[in-house]
Every structure is written in C-alpha cells, then in structure tokens.
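Colleague: Pasting a structure here, questions to come.
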Amino acid sequence: MGRAESGLPRPPGLGTLAMTATSVLGLLAMRYDVPAALSGMTAPDELLTGLLLMGLMVVAGASWWFRTLRVLEQQRWSWHCVGSPLVVLAGAAVYLLIPPGKQRAQGGSYQDMLAAAMNLV
Numbered sequence: 267m268g269r270a271e272s273g274l275p276r277p278p279g280l281g282t283l284a285m286t287a288t289s290v291l292g293l294l295a296m297r298y299d300v301p302a303a304l305s306g307m308t309a310p311d312e313l314l315t316g317l318l319l320m321g322l323m324v325v326a327g328a329s330w331w332f333r334t335l336r337v338l339e340q341q342r343w344s345w346h347c348v349g350s351p352l353v354v355l356a357g358a359a360v361y362l363l364i365p366p367g368k369q370r371a372q373g374g375s376y377q378d379m380l381a382a383a384m385n386l387v
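Spelled out as structure tokens, the structure:
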C-alpha cells in the first residue's frame, strides 16, 4: 500500500525543489551577469525577469510551506522537507559572501539609469 493509497499527505518533492533551484540560480545569474546573454539586459528587462523569478520563488515557497505543514500535522518527518530551504540558504550565502564582479560594482544598469535621470533634472 503506497503513500497515495494510504491517504497520508505527500512531502514537498522534486518539483518544488526544481522551482526553488531555478529561481535562486536565475537571481544569482542576474546578480553576477552570468551567462553573457544576461549582460545586455536593460533595467526594464532585469525588472521583469526578477519579478518572474521572484514569483516562481513565491509559488515554490507556498508549495513547500503547505506540503510541509501537512506532513508535520501527521507528526511525521521527511528529508524531502529540507531540500528547498537548503537551496535558499545556500543562495543567500553566495549572495552575501561573494561580491559581484567589477562591471556590476562600478556601475550597472540601475546606476546608469539613475545617473541619466539625474542629468535630466
């Protein structure tokens, strides 16, 4: 008798982990301008891409949250509940500990846009 047949709630699975990893890797790629295809993004492109990736992360977080709560209500534990938080913590550690490259630090698209706006005033 499998878990689905027994009526027990399923823990967060690979789908949730894949959504979390995709959004974290995408946001880190935007921060570090990797791959080179992201280097030519304008400020509106970065904003739209960032919003889409954050939306994906919100969906993954909500999925993880509800599935984990359902599993813990049954007073059970599953290692599947740990994957997504570990990916987010690893991404946050990379974001905080590794500074961006020279191009981003010396003036990325947001700084250029702000400087252009200040010149208009």
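End of the sequence shown = 387 in the working numbering, gap-free, step of one. For each residue, glycine too, the CB sits at the ideal point set by N, CA and C.
1) Could you check where the alpha helix (DSSP H) with G321 kicks off and where it finishes?
2) Which term fits R276, buried or exposed, when burial requires 16 or more other beta carbons within 10 angstroms of its beta carbon?
3) Among M307, T308, V325, A359, which has the Cα closest to the Cα of G281?
4) What number of angstroms, rounded off, separates the C-alpha of L314 from the C-alpha of G279?
Modeller: For this structure:
1) 309-339
2) exposed
3) V325
4) 28 Å
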